[in-house]
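Numbering (full-length UniProt numbering), first residue to last: 1 to 376. Note that the Cβ used here is the ideal one computed from N, Cα and C, for glycine as well. Note that the structure is a prediction, hence the values are computed from the model and not measured. Inspection log for the structure reproduced underneath, given as structure tokens.
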Amino acid sequence: MFTSLTTHNLHFHEDASIFSCASKNNLLATGGGDTAIRIWKLEYTKKSPEFNYYTSLNSPLKITYMYTLSGHTKTINSLEFTDEHLLSSSDAGEVFLWPIDKFEENKYYKIRGADGDEAIVALMLDKFVYVGMKSGQLYIYELIYQESVDINDDVPIQDSFTNENEKESMVNNESKIKKVKVTLLSKENTPFKVKLVKTLKLHSDSIQGMCINQKHSILFTQSKDKSMKTVDLLNHKVINTLYINKLITENTALKEQFKEEIKFEFSDRSFFKKCIFIDDTLYLTNVSINKKNVLISLEYPYRTIAQVVGIFNWPVQRILKLKDTLVLCTLKSIYILKNKCEMISNVGYGAMTDGCLIDEGIIFSNTDGFMYSLML
1 MFTSLTTHNL HFHEDASIFS CASKNNLLAT GGGDTAIRIW KLEYTKKSPE
51 FNYYTSLNSP LKITYMYTLS GHTKTINSLE FTDEHLLSSS DAGEVFLWPI
101 DKFEENKYYK IRGADGDEAI VALMLDKFVY VGMKSGQLYI YELIYQESVD
151 INDDVPIQDS FTNENEKESM VNNESKIKKV KVTLLSKENT PFKVKLVKTL
201 KLHSDSIQGM CINQKHSILF TQSKDKSMKT VDLLNHKVIN TLYINKLITE
251 NTALKEQFKE EIKFEFSDRS FFKKCIFIDD TLYLTNVSIN KKNVLISLEY
301 PYRTIAQVVG IFNWPVQRIL KLKDTLVLCT LKSIYILKNK CEMISNVGYG
351 AMTDGCLIDE GIIFSNTDGF MYSLML
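Right under this line is the structure:
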């Protein structure tokens with residue numbers, strides 16, 4: 001089914017490691033340890049009907065450099081394309097929103113400034129930005145577009161600005177004074193203002209992964225403290241808590257296979273936990289069962305294990321669905337799960353870190369500084 005695996009041995013970043021990637025149409029964004037975001041153009045050529053290994057010179061997928069986006073001061077942790085923007089987060093705690101049509105100008109809007117608390121992952125849905133932090137906090141920001149802001153808005157736009165362009169305003173709500181932090185952007189060329197509407201202390205240790213299910217209006221988090229939280233996005237409240245070492249399964253075959261008490265854990269081999277919703281199923285990555293690497297899935301309402309897949313040679317880093325096929329990458333290998341399981345081993349010189357769907361294929365990032373594409 002797949003026709004090629006390419007090692008794109010280009011000079012992607014000054015500091016070799018690439019920790020995040022995202023794609024939209026014919027654009028690819030990569031984020032590295034050099035604090036830069038690079039934008040690349042994807043072009044597709046004629047493919048061979050038989051499976052082949054390629055380098056960047058003869059690959060059916062050509063990657064060409066376009067722009068460098070500068071502004072972050074530390075390693076880029078996450079990237080996500082929306083309809084009109086690229087959302088990014090960094091180890092400095094910064095979260096920026098880059099207009100796609102302004103990439104050439106290196107233009108960005110600051111959602112959150114640097115404060116020393118690492119912004120591990122940032123996601124956006126409609127007018128809200130959700131930021132998971134190393135401290136275990138979840139920050140929820142609202143983008144208030146200027147055309148919808150009344151002149152008598154409770155949170156006024158002031159004429160004076162600090163160097164950080166931040167003001168703290170007081171809002172009176174039912175006789176209780178609430179402190180709301182508002183980030184004010186340039187009045188001349190910013191279509192919205194940014195308001196911190198909620199802070200939730202979800203975990204006692206770092207948030208390592210987050211994903212959103214639009215159908216059920218929930219956000220799911222994985223943490224280094226071995227817990228997982230489900231947040232209702234309609235009222236911004238926690239509605240469920242799970243602990244990886246307390247998850248149970250009713251899978252009889254699994255119990256017979258191990259013939260001992262089954263114990264799930266998060267793997268410590270990788271920091272980022274790329275949980276994801278696919279077809280309303282929740283997949284958890286970097287999970288082990290009795291120290292064996294597996295992939296587990298949960299069905300709505302996401303409280304008990306529905307399926308366990310594995311055993312794999314390395315912890316699962318990323319899982320994506322391409323047409324009717326699940327493609328799973330571990331630290332070192334790629335697995336293709338359809339009617340049967342196929343494995344491509346020893347992909348890359350370092351460890352796989354992230355992956356994203358592209359036109360008729362998937363592209364993965366690696367700590368070796370190269371990108372790897374698997375094409376239909």
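C-alpha distance - residue i paired with residue j, whole-angstrom precision
i: residue 210; j: residue 220; result: 5 Å
i: residue 214; j: residue 83; result: 15 Å
i: residue 33; j: residue 16; result: 7 Å
i: residue 352; j: residue 372; result: 9 Å
i: residue 356; j: residue 283; result: 15 Å
i: residue 406; j: residue 226; result: Nothing about residue 406 can be read from this structure; the chain reaches only from 1 to 376.
i: residue 117; j: residue 75; result: 13 Å
i: residue 137; j: residue 231; result: 13 Å
i: residue 205; j: residue 86; result: 27 Å
i: residue 343; j: residue 310; result: 12 Å
i: residue 28; j: residue 42; result: 7 Å
i: residue 18; j: residue 31; result: 6 Å
i: residue 318; j: residue 79; result: 14 Å
i: residue 300; j: residue 280; result: 7 Å
i: residue 298; j: residue 105; result: 43 Å
i: residue 56; j: residue 7; result: 6 Å
i: residue 125; j: residue 240; result: 21 Å
i: residue 133; j: residue 121; result: 7 Å
i: residue 312; j: residue 141; result: 38 Å
i: residue 242; j: residue 262; result: 16 Å
i: residue 267; j: residue 37; result: 28 Å
i: residue 47; j: residue 21; result: 24 Å
i: residue 63; j: residue 235; result: 42 Å
i: residue 4; j: residue 53; result: 6 Å
i: residue 193; j: residue 131; result: 17 Å
i: residue 233; j: residue 45; result: 42 Å
For residue i, three-class secondary structure by DSSP
i: residue 232; result: strand
i: residue 360; result: coil
i: residue 91; result: coil
i: residue 262; result: coil
i: residue 354; result: strand
i: residue 246; result: helix
i: residue 105; result: helix
i: residue 268; result: coil
i: residue 306; result: strand
i: residue 16; result: coil
i: residue 214; result: coil
i: residue 220; result: strand
i: residue 110; result: strand
i: residue 2; result: coil
Neighbour-count burial assignment, residue i, 16 or more Cβ in a 10 Å radius
i: residue 73; result: exposed
i: residue 345; result: exposed
i: residue 293; result: buried
i: residue 115; result: exposed
i: residue 246; result: exposed
i: residue 11; result: exposed
i: residue 60; result: buried
i: residue 364; result: buried
i: residue 146; result: exposed
i: residue 182; result: In this predicted model, residue 182 has a pLDDT of only 49, less than 50, meaning its place in the structure is not dependable; the value taken from the coordinates is given anyway. Residue 182 comes out buried.
i: residue 51; result: exposed
i: residue 229; result: buried
i: residue 91; result: buried
Pick from the options that is closest to residue i, judged by C-alpha positions
i: residue 109; options: 191, 282, 339; result: 191
i: residue 332; options: 134, 367, 325; result: 367
i: residue 273; options: 290, 329, 313; result: 329
i: residue 23; options: 376, 370, 358, 291; result: 358
i: residue 238; options: 50, 18, 202; result: 202
i: residue 26; options: 360, 126, 287; result: 360
i: residue 316; options: 271, 6, 14, 305; result: 271
i: residue 71; options: 97, 59, 81; result: 97
i: residue 123; options: 107, 88, 303; result: 88
i: residue 77; options: 100, 69, 95, 193; result: 95
i: residue 100; options: 119, 66, 369; result: 66
i: residue 369; options: 354, 233, 337; result: 354
i: residue 223; options: 2, 216, 277, 286; result: 286
Paired residues, beta bridge with residue i - DSSP
i: residue 341; result: 337
i: residue 371; result: 8, 365
i: residue 273; result: DSSP output for residue 273 lists no bridge partner at all.
i: residue 142; result: 128, 195
i: residue 61; result: 44
i: residue 119; result: 133
i: residue 85; result: 99
i: residue 80; result: 87
i: residue 321; result: 326
i: residue 209; result: 222
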